[in-house]
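Trainee: Questions regarding the structure given below will be posed in turn.
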Amino acid sequence: LLGKPGRLTDADIEDLEEVLIGADFGVGLTFRLIEQIRSVEKAGSGGDWMAAARSVVLEELGPKPQMPTMQATPTVVFLVGVNGAGKTTTAAKLAWRYKNEGKAVLLAACDTFRAGAIEQLRVWRERLGISMVEGAYRADPASVLFEAIAKAREERSDMLIVDTAGRLHTKRNLMAELEKMVRVAGRAVPGAPHHTWLVLDANTGGNAIQQARQFHQSLGLTGLIVTKMDGTSKGGALVSIQKELGLPVLWIGLGEAFEDLEAFDPQQFAEALFP
Amino acid sequence: ALGEKLQKTFRNLRGRGKLSESNISQAMREIRLALLEADVNFRVARDFVATTQAKCIGQEVLNSITPGQQVVKIVHDELIALMSGEGKDQALNLPGGMATVLMVGLHGSGKTTTTGKLAKRLIAEGRKPMLVACDVYRPAAIDQLETLGQEVGAPVYSDRATQDVVAIAAAARKVALQQECNVLLVDTAGRLHIDDELIDELVRLRDKLKPHEILLVADAATGQEAVSIAERFDKALGVTGVVLTRLDGDARGGAALSMRAVTGKPIKLVGVGEKLDALDVFHPDRLVSRLLG
Ligand SMILES: Nc1nc2c(ncn2[C@@H]2O[C@H](COP(=O)(O)OP(=O)(O)OP(=O)(O)O)[C@@H](O)[C@H]2O)c(=O)[nH]1
Ligand SMILES: Nc1nc2c(ncn2[C@@H]2O[C@H](COP(=O)(O)OP(=O)(O)OP(=O)(O)O)[C@@H](O)[C@H]2O)c(=O)[nH]1
Ligand SMILES: [Mg+2]
Ligand SMILES: [Mg+2]
């Protein structure tokens, strides 16, 4: 598989297919990219096709995205996504990062549904030494959000990070619950939520695109976070999502601790696929 | 759907003659693409198509159905045959006396919730399960399991004072015997299949407990890495079955085919919701219609 210089053979094409499909790029995008790799490689000066593949993927991804701005007081960030993707852990990682940048961060425990959800975020907030607003088990998450915004105002927080319950994008009533939270935020703080980030598990295959479409349609996402990139999955679905919905991939999760969150780097992503 | 695509590829084949390698090659390509689009692993799809092609070649083209329909039927039957477990292997094998189930899998796959669901089901079947909190890492994992235990009415064994999961499991078994429980449901922490140290923790847990079932809990939406994940857990532990979770979504479920094909282990149960009653027996035919779209 490693860099054979010169023209692409049928065996090379099969290898390319295996790498791209194996990275969860999906069939359609894989075939389109292979066509592009072929023409780049033909036009090239006989360098290895790995370099052509890297450049095509980088072209597809575009430049490293801008760091999100946190200008509003409070800047309200929603973390949404399907069950088990890593929202709660990512909320803690983001709180840690921004706290270390000198921001006053407040957490909102808006997963009032799942067993142990509030307790889980409580552990994180204790480790962080920051405040958190929580409601009763099974309280209306929109009411917890409302209280959290009030508290953020009162404490002059720079940032309010809202953790939400996991939900499948196919569940209309649960998506409506999130839509309501967006409205509540917008009425309480003009422009809120300022960031609505979809948390995606890198192990997810084609369904990731469907998740992104539905969450985007419901809420208007502003970015993606791909977690569990420390595993063996390459997270290729993020390329299709970025392409189709124009959503920047902002962060990747690389483990279970505070510091295991990095800004997404397209260069590193392309090199991991085609070293 | 696959059926319509295959109708097109066979437009030129009349209702006579045999299915040959040349006249079915385009159909085989369509089948491979359909499987890949359903998240079936690249190599598993290729191998499956090769096997299916061999089954097709030489078959007489029947007069009663179109060649496209005939190929679809062969694919359908091959998939059903692959996904169906052999007899008693399909169900949970929990003998009388103290039966032990070990739940394993990647982070967030649904192990803890499935442990609660399984307890609820076993109680309804007249058994007396005890839940064992062997996830000593995730914040509030023990709280989560204890809440589920309360909800279903099953005792939960936990020990917040130690990180030795083997000791926790051994102690749990003693207490379970004293309380006349007859099933031990052991929840473990999510882990990467490439984390040798944590995989070794599971091996030590297995060696201590000698479980009757080692269930790999996996998200139905898992992509191409389903193969390497299932293989690693299976090679290390000897998985006895797979639980496919979040099948209440719209993931196609190709991961199920990949895991079954590569480990030979059956899908025993499926998670179909967040509530504790949302656990079903696996139906191969339903998964196959989902795969073929
Ligand atoms: N290896 C690894 N594990 C992660 C990462 N992000 C989250 N996890 C783990 O994934 C599991 C689920 O994380 P949670 O933060 O509870 O996920 P969630 O989206 O909040 O889950 P729900 O609220 O139940 O929908 C936990 O075991 C986390 O430690 C990551 O980047 N890498
Ligand atoms: N919709 C749906 N959600 C599920 C299903 N099974 C589990 N979940 C949800 O998936 C999320 C993760 O479930 P957990 O049981 O915490 O997963 P886990 O494997 O124990 O996670 P870790 O211990 O962090 O590895 C939770 O939000 C569950 O409610 C299912 O079948 N359908
Ligand atoms: Mg959560
Ligand atoms: Mg768990």
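So the protein lines, in turn, are chains A and B. Everything in the first sequence is counted per the numbering used here, starting at 1 for the first residue and increasing by one. Everything in the second sequence is counted per the numbering used here, starting at 1001 for the first residue and increasing by one. All residues carry an ideal CB built from backbone N, CA and C; glycine is no exception.
Would you report the Cα separation of residue 1118(B) and residue 1270(B), rounded to the nearest angstrom?
Mentor: 11 Å
Trainee: Compare the Cα-Cα distances from residue 1042(B) to each of 1255(B), 1267(B), 1293(B) and report the closest residue.
Mentor: 1255(B)
Trainee: Tell me which residue opens and which closes the beta strand (DSSP E) that residue 132(A) is part of.
Mentor: 131-134
Trainee: Would you check if the distance between the CB atom of residue 197(A) and the CB atom of residue 178(A) is smaller than 8 Å?
Mentor: no
Trainee: Determine the burial state of residue 158(A): buried for a count of at least 16 other Cβ atoms within 10 Å of its Cβ, exposed for fewer.
Mentor: buried
Trainee: Could you check whether the region 146-161 of chain A touches the region 70-82 of chain A, counting it as contact only if at least three pairs of C-beta atoms, one from each stretch, sit closer than 8 Å?
Mentor: Taking one beta carbon from each stretch, the region 146-161 of chain A and the region 70-82 of chain A have 3 or more pairs nearer than 8 Å; the two touch.
Trainee: Can you find a heavy atom of ligand 3 that lies under 7 Å from the Cβ of residue 163(A)?
Mentor: Within the chosen limit of 7 Å, ligand 3 reaches the beta carbon of residue 163(A) through at least one heavy atom.
Trainee: Any C-beta of chain A within less than 7 Å: which residues of the region 1096-1121 of chain B qualify?
Mentor: 1106, 1107, 1108, 1109, 1110
Trainee: Using a beta-carbon distance cut-off of less than 9 Å, what residues from the region 91-110 of chain A approach chain B?
Mentor: 92
Trainee: For a minimum of 3 consecutive residues, which ranges assigned as the beta strand (DSSP E) are wholly contained in the region 206-250 of chain A?
Mentor: 223-227
Trainee: Are three or more beta carbon pairs between the region 1224-1238 of chain B and the region 232-244 of chain A nearer than 8 Å?
Mentor: yes
Trainee: With residue 1024(B) as the anchor, note down where its alpha helix (DSSP H) starts and where it stops.
Mentor: 1021-1037
Trainee: Out of 214(A), 154(A), 219(A), 152(A), which has the shortest C-alpha to C-alpha gap to residue 181(A)?
Mentor: 219(A)
Trainee: Grouping DSSP H, G and I as helix and E and B as strand, with all else coil, what is residue 58(A)?
Mentor: helix
Trainee: Any heavy atom of ligand 3 inside 7 Å of the beta-carbon of residue 151(A)?
Mentor: Checking the Cβ of residue 151(A) against ligand 3 gives no.
Trainee: Return the bridge partner residues of residue 195(A) from the DSSP annotation.
Mentor: 77(A)
Trainee: Please give me, in chain order, every unbroken run of the alpha helix (DSSP H) with length at least 4 that falls completely inside the region 1178-1249 of chain B.
Mentor: With a minimum length of 4 residues, the continuous alpha helix (DSSP H) runs that stay inside the region 1178-1249 of chain B are 1196-1209, 1226-1237.
Trainee: Can you tell me whether residue 1153(B) is buried or exposed? The criterion is at least 16 other CB atoms within 10 Å of its CB, across all chains shown.
Mentor: Within a 10 Å sphere around the beta-carbon of residue 1153(B) sit fewer than 16 other beta-carbons, which makes this residue exposed.
Trainee: Beta-carbon separation of residue 1207(B) and residue 206(A) under 8 Å?
Mentor: no
Trainee: Beta-carbon of residue 1007(B) versus every beta-carbon of chain A: anything under 8 Å?
Mentor: Look at residue 1007(B): its C-beta is not under 8 Å from any C-beta on chain A.
Trainee: Let me know the secondary structure DSSP gives residue 1157(B) once reduced to three states.
Mentor: strand
Trainee: With distance defined between alpha-carbon atoms, name the residue in 1019(B), 1030(B), 1080(B), 1036(B) nearest to residue 1282(B).
Mentor: 1080(B)
Trainee: Taking the alpha-carbon positions, what's the residue 1048(B) to residue 256(A) distance?
Mentor: 37 Å
Trainee: Report all residues for which the CB-ligand distance to some heavy atom of ligand 4 is below 7 Å; order them along the chain.
Mentor: After applying the 7 Å Cβ criterion, the set is 1111(B), 1112(B), 1135(B), 1138(B), 1141(B), 1144(B), 1187(B), 1189(B), 1190(B).
Trainee: With 8 Å set as the bound, which would you pick, yes or no: does the beta-carbon of residue 1028(B) sit closer than that to a beta-carbon of chain A?
Mentor: no
Trainee: Taking all protein chains shown into account, do 16 or more other C-beta atoms lie within 10 angstroms of the C-beta of residue 1194(B), making it buried, or fewer, making it exposed?
Mentor: Residue 1194(B) counts as exposed, since fewer than 16 other C-beta atoms from the protein chains shown sit within 10 angstroms of its C-beta.
Trainee: Is the beta carbon of residue 1251(B) closer than 8 Å to that of residue 1220(B)?
Mentor: yes
Trainee: With a cut-off of 8 Å, does the C-beta of residue 1001(B) fall near any C-beta of chain A?
Mentor: no
Trainee: Use the C-beta contact count for residue 67(A): other C-beta atoms within 10 angstroms, 16 or more gives buried, fewer gives exposed.
Mentor: exposed
Trainee: Could you tell me the alpha carbon to alpha carbon distance between residue 29(A) and residue 1131(B), rounded to whole angstroms?
Mentor: 45 Å
Trainee: What residues from chain A crowd round residue 1147(B), counting only those whose CB sits closer than 8 Å?
Mentor: Within chain A, the C-beta atoms nearer than 8 Å to that of residue 1147(B) come from 115, 116, in chain order.
Trainee: Taking beta-carbon pairs under 8 Å, can you tell me which members of the region 1193-1208 of chain B lie near chain A?
Mentor: 1193, 1194
Trainee: To the nearest angstrom, report how far apart residue 1(A) and residue 12(A) are at their CA atoms.
Mentor: Note on residue 1(A): pLDDT 47, under 50, position unreliable in the model; no value is reported.
Trainee: For ligand 1, is there any heavy atom lying closer than 7 Å to the beta carbon of residue 237(A)?
Mentor: no
Trainee: Looking only at C-alpha atoms, which of 1062(B), 1260(B), 1158(B) sits nearest to residue 1142(B)?
Mentor: 1158(B)
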